[in-house]
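Residue numbers 3 to 244, in this note's numbering, belong to the letters of the sequence shown in order. Virtual Cβ for every residue (Gly too), placed ideally from N, Cα, C. In this text, all values refer to a predicted model and were calculated from it rather than measured experimentally.
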Amino acid sequence: MIRPMITASLQRGIAAGILSAIVAIGTGPAAQAQSQRSTGQSSRSAPAKPAAASKPAAKPGSTAKTSPAKPAAAAAAGAAAGAGAAKATQAATGPGGASLLTSYGDWGVYTAQTGRSKICYALSQPKDRLPKNVNRDPAYLFVSFRPAENVKNEVALVLGFTAKENGPAEAAVGNASYALLTKSANAWLKNPAEEGQAIATMARSGTVTVKTQSVRGSSLTDRYSLNGFSKALEHARKECAS
């Protein structure tokens, strides 16, 4: 976490401002997550955040759920043809209306800008979803950078279903396990101070396994590949450093 010491109330105000900026450029997983976190954290006293404080591109804010944009095969193929390293497995347009720049392994690098505010993030979708017979919307794991708000390494999840609020949820990375805060169809690390550590653990691990519980009480598991994560993260970081 690379954030200055600020009060929880100020953090929530910043998150709300970020949400407004995101809505201006589109509605998608990132926009949902930002909106969700901005309001969902209101009752939580957030510790000082060393590297990523407000959470996913921004956190819970709106209780209304909009279905994440579904990658179109044709659009993805077009992106691959026009963006060199970009692969057809990545959507040409990502959360928040961001544009795909390139991809590394199972991770894509996206950017979006509105006015002076630029957002960059590395994003991936799960390789396995259990149980397989449960219908869900697309899910995303992403790490965001918002230089205008001094936000770096913000870890967030769009679950693809409505989770049991504050229900049992965790992300297992290597030998480490991180408790998650769930709100509507989104999730963040419950302890923001762990985001920097989680990023470092992800960089040297092979998978992230996310276990949550739906509002109906079903136990659901998503497994994300970390192949290409480090390169995608570094690329996203550099995009928002200029």
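Just the C-alpha distance for residue i and residue j, rounded to the nearest angstrom, thanks.
i	j	result
T113	A238	8 Å
T116	L103	17 Å
S221	C242	37 Å
V210	A171	13 Å
G230	Q127	13 Å
A234	R218	35 Å
A141	G162	5 Å
L183	L191	6 Å
I27	E196	Confidence is the limiting factor: at I27 the pLDDT is only 33, short of 50, which leaves the residue's position unreliable and the question unanswerable from this model.
D139	R118	32 Å
V145	S207	16 Å
Y106	K166	33 Å
S244	Y123	14 Å
A205	N168	27 Å
A87	D108	Low confidence applies to A87: its pLDDT is 35, below 50, so where it sits in the model is not reliable, and the reading given next is rough at best. Roughly 12 Å between the two C-alpha positions.
Between which two residues does the alpha helix (DSSP H) containing residue i stretch?
i	result
G198	E197 to A205
F264	With the chain covering 3 to 244 only, the question about residue 264 has no answer from this structure.
Would you mind reading off the limits of the beta strand (DSSP E) that contains residue i?
i	result
G99	Segment: none, G99 is in no beta strand (DSSP E) and carries neither H nor E.
S227	S221 to S227
A124	S119 to S126
Where does residue i land, buried or exposed, given buried means 16+ other C-beta within 10 angstroms?
i	result
K185	buried
D224	buried
K129	exposed
N155	buried
N135	exposed
A158	buried
N137	exposed
A94	buried
To which residues does DSSP link residue i through a beta bridge?
i	result
G169	Its beta-bridge partners do not exist; DSSP assigns none.
Next on the checklist: Would you call the region 174-182 in contact with the region 148-156, where contact means no fewer than 3 C-beta pairs closer than 8 Å?
Outcome noted: no
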